[in-house]
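Residues in the sequence shown are numbered from 1207 upward in steps of one, following my numbering.
Built from N, CA and C at the ideal position, the CB exists for glycine as well.
Here the structure is laid out as structure tokens; the discussion comes afterwards.
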Amino acid sequence: MLRSVLLSISLFLVAFSLVGQKENKYADEDLIKYALVMKWAEEEKDKMTAIYNGWIRSNEVISAPRFLKIKNAADDSLKWSELDVVSEEMKVFNQITNDYDSMVSSFTALYKKKIKEEISAVLYNNLRKDLKNNNDLKARYKTILDDLKEDEEWSSD
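Set out below in structure tokens:
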């Protein structure tokens, strides 16, 4: 009798601890590592966007609105012919597009490297998936990310 009571209590404690582990599957350190890489990626994307927009604005061959029209017509030969793109415009458009693609490719390679070295691919994939489905985890992550951003703003002042 005592044995069955102890066994029941043991099973209850094991089940309870497993539920607790499932809810808190990720340590704050895991979330911090993930947040640091995601924060870096967000900052790099912002820099790339600024650089790309600068290239478009600063060239003297194609205006920004014309560049966007050419870009939007790139996959549509009918629209392309209607725009009457001259060779100089085409050269600048291709140069900016190729430079941007190269920049994105470099970013992607570095991003994957950071994930592997600083987070681990397994943790990244699991955490990314769980962040979509778990509101408590999402709230913990957002708090950590906001704290990191706030610390950076405070230290840069």
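Notebook entry, point to check: A1270: buried (16+ other C-beta within 10 angstroms of its C-beta) or exposed?
Noted result: Flag for A1270 reads exposed.
Next item on the list: Enumerate in chain order the residues of its own chain whose CB-to-CB distance from L1237 is below 7 Å, with the five nearest sequence positions on each side excluded.
Entry: Leaving aside the five residues that flank L1237 on each side, the residues in its chain whose CB is nearer than 7 Å to its CB run, in chain order, R1346, Y1347, I1350.
Check: Quick one, which of V1243, A1233, L1289, D1281 has its alpha-carbon nearest A1327's?
Finding: Closest by C-alpha distance to A1327, out of V1243, A1233, L1289, D1281, is V1243.
Checklist line | Segment contact flag, the stretch 1243-1259 with the stretch 1316-1335, C-beta cutoff 8 Å, min 3 pairs | finding: Touching, yes.
Notebook entry, point to check: Just reading off the alpha helix (DSSP H) that N1332 is part of, what are its end residues?
Noted result: In this chain, the alpha helix (DSSP H) harbouring N1332 covers 1327-1339.
Next item on the list: Please name the residue, chosen from D1305, V1298, I1276, M1309, that lies closest to K1251 on a Cα-to-Cα basis.
Entry: Just measuring C-alpha positions, the residue of D1305, V1298, I1276, M1309 sitting nearest K1251 is M1309.
Notebook entry, point to check: Is the beta carbon of I1276 sitting closer than 7 Å to the one on V1291?
Noted result: The answer is yes: Cβ separation under 7 Å.
Item checked: G1260 versus M1296: straight-line alpha-carbon distance, rounded -> Straight-line Cα distance between these residues: approximately 18 Å.
Note to self: Given this structure, state the Cα-to-Cα distance separating R1263 from F1273, to the nearest angstrom.
What the structure shows: About 9 Å.
Next item on the list: Evaluate I1257 with the Cβ neighbour count: other Cβ atoms within 10 Å of its Cβ, from every protein chain shown; 16 or more gives buried, anything less gives exposed.
Entry: Around the Cβ of I1257, a 10 Å sphere holds fewer than 16 other Cβ atoms; the residue is exposed.
Notebook entry, point to check: For M1254, which option in I1325, N1331, A1233, Y1306 has the closest C-alpha, if you only look at C-alpha atoms?
Noted result: It is Y1306.
Notebook entry, point to check: Can you tell me whether DSSP reads S1269 as helix, strand or coil?
Noted result: Of the three classes helix, strand and coil, the one that applies to S1269 here is coil, per DSSP.
Next item on the list: Can you give me the Cβ contacts of Y1330 inside the same chain, cut-off strictly under 6 Å, excluding the 5 residues immediately before and after it?
Entry: Hits under 6 Å: I1321.
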